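> Questions regarding the structure given below will be posed in turn.
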Amino acid sequence: MKNKVLCEGNHIQVIQLENGLKVAKIKDETSSFLFDESVAKDIIKQLKRFIQIVED
């Protein structure tokens, strides 16, 4: 089994690796960053705080 792209946006892909692990990949012109579910949950939590600060 090859790595399989589960979903994709302008800057991020969710990929299922050959070993079954699902990871997200942030991509831009210069680099890419891979992270797993626990990091994704932390990113979402911090983004929600950021949105709340911006809206206040």
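Under numbering that gives the first Met the number 0, think of the first position of the sequence shown as 0, with each following residue one higher.
The beta carbon of each residue, even a glycine, is placed where N, CA and C say it ideally should be.
All figures in this text were calculated on a predicted structure; none of them were measured in a lab.
Suppose the cutoff is 6 Å on Cβ atoms and the five residues either side in sequence are ignored; what does the same chain contact list for Leu-33 look like?
Position 34 of the sequence shown, counted from the start, is the residue given in the question as residue 33. Counting only Cβ-Cβ distances below 6 Å, and skipping sequence neighbours, we find Val-22, Lys-24.
> Looking only at its chain, what residues have a beta carbon closer than 7 Å to the beta carbon of Asp-27, apart from the 5 residues adjacent to it on each side?
As a position in the sequence shown, residue 27 is number 28, starting the count at 1. Result list for Asp-27: His-10, in chain order.
> Hey, Lys-3 and Gln-15 are a contact pair by Cβ (cut 8 Å); roughly how many whole angstroms apart?
What you label residue 3 is simply residue 4 of the sequence shown in a count that begins at 1. What you label residue 15 is simply residue 16 of the sequence shown in a count that begins at 1. At roughly 5 Å, the Cβ-Cβ gap stays under 8 Å, so Lys-3 and Gln-15 are in contact.
> Assign Ser-37 to one of three DSSP states: helix, strand, or coil.
Residue 37 sits at position 38 when you count from the first residue of the sequence shown. Ser-37 falls in the helix class under three-state DSSP.
> What did DSSP end up calling Ile-54 once you bin it into helix, strand or coil?
Taking the first residue of the sequence shown as position 1, residue 54 is located at position 55. Strictly speaking, residue 54 in this sequence is Glu, with Ile absent from that position. In this structure, Glu-54 counts as helix in the three-state DSSP scheme.
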